[in-house]
Structure formats: structure tokens, C-alpha cells
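Visitor:
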């Protein structure tokens, strides 16, 4: 999936899972996920540390902003950013995968 990847570090976070492709990269020592909360992998945080982190209640000041991930810095609108909400300038194209559900194909 990432044949040219030489090294990627995601250590010192609180990730709880990795997919099969990531596991392959971990085995090849190309992906470093030490000090996370991933069961079954070495050098992870203690269960007590992970439990303490995930038991904290966190309120997002603007939960709508959690639904948008900008693809380019140029997509940021200064007015929306000052309000804590970032919206795209251009709506994304519809997913082609839904076209596969057409019964008449």
C-alpha cells in the first residue's frame, strides 16, 4: 500500500487499533506505534494510563467542526475559522461507490 514509505512515527498517542496493512509496516519496522494503547503490541502505555485517558470527559466547543477535515490550506475561510468552524469552499463530488448500487446496471 505504501511501498516507498521508509519510516512513519505515530508514537506517544492513544491509538487503540491498527489495521492489517499497518501491522505489516510495524513488522517491517517502518511504522512506529510505541506508547499507544494497542492491545497485543509491545511497548504500549499501561492499561491504567489508557483507562485514565479514555475516561476523561471532553467537550468540543464546536462539535460540527469535527465533521470536516480540510484537504488544502487554501480551503480555509478566515471568517469561519474565527468562529471555530471550518467549511469547504467547494462541495466534494458524490462518491462513485454509490453508483455501484444501481439495480439497472
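Residue numbers (the UniProt record's numbering): 1 to 105. For every residue, glycine included, the Cβ atom is placed at its ideal position computed from N, Cα and C.
1) When burial is assigned at 16 or more other CB atoms within 10 Å of the CB, is residue 37 buried or exposed?
2) Taking only the alpha-carbon atoms, compute the straight-line gap between residue 25 and residue 48 and give it to the nearest angstrom.
3) In chain order, what residues of the same chain lie with their CB nearer than 6 Å to the CB of residue 5, ignoring the 5 residues before and after it?
4) Buried or exposed, going by whether 16 or more other CB atoms sit within 10 Å of the CB of residue 33?
5) Could you name the residues of the same chain whose beta carbon sits closer than 7 Å to that of residue 79, not counting the 5 residues immediately before and after it, in chain order?
6) Is it right to say residue 60 is buried, meaning 16 or more other beta carbons lie within 10 angstroms of its own, or is it exposed?
7) Per DSSP, which one or two residues make a beta bridge with residue 31?
8) Report back the beta-carbon spacing between residue 46 and residue 35 to the nearest angstrom; my notes put them in contact at under 8 Å.
9) Over the uninterrupted alpha helix (DSSP H) stretch that includes residue 50, give me the two end residues.
10) To the nearest angstrom, how far is the alpha carbon of residue 51 from that of residue 8?
Guide: Reading off the structure:
1) On the chain shown, position 37 is the one that residue 37 refers to. The residue is buried, with at least 16 neighbouring Cβ atoms inside 10 Å.
2) Within the chain shown, the letter at position 25 stands for residue 25. Within the chain shown, the letter at position 48 stands for residue 48. Cα to Cα, the separation comes out at about 27 Å.
3) Here residue 5 refers to the residue found at position 5 of the chain shown. 30, listed in sequence order.
4) As a working note, residue 33 is residue 33 in the chain shown. Residue 33 comes out buried.
5) As a working note, residue 79 is residue 79 in the chain shown. Per-residue confidence for residue 79 stands at a pLDDT of 46, beneath the threshold of 50, marking its modelled position as unreliable; no derived number is given.
6) Numbered from 1 along the chain shown, position 60 holds the residue referred to as residue 60. By the neighbour-count rule (16 or more Cβ atoms within 10 Å), residue 60 is not buried but exposed.
7) In the chain shown, counting from the first residue as 1, residue 31 sits at position 31. Its beta-bridge partners are 8.
8) Here residue 46 corresponds to residue number 46 of the chain shown, with the count starting at 1. Here residue 35 corresponds to residue number 35 of the chain shown, with the count starting at 1. About 10 Å; that fails the 8 Å criterion.
9) Here residue 50 refers to the residue found at position 50 of the chain shown. Unbroken alpha helix (DSSP H) run through residue 50: 47 to 55.
10) Sequence index remark: in the chain shown, residue 51 carries index 51 (1-based). Sequence index remark: in the chain shown, residue 8 carries index 8 (1-based). Looking at the two C-alpha atoms, the distance is approximately 26 Å.
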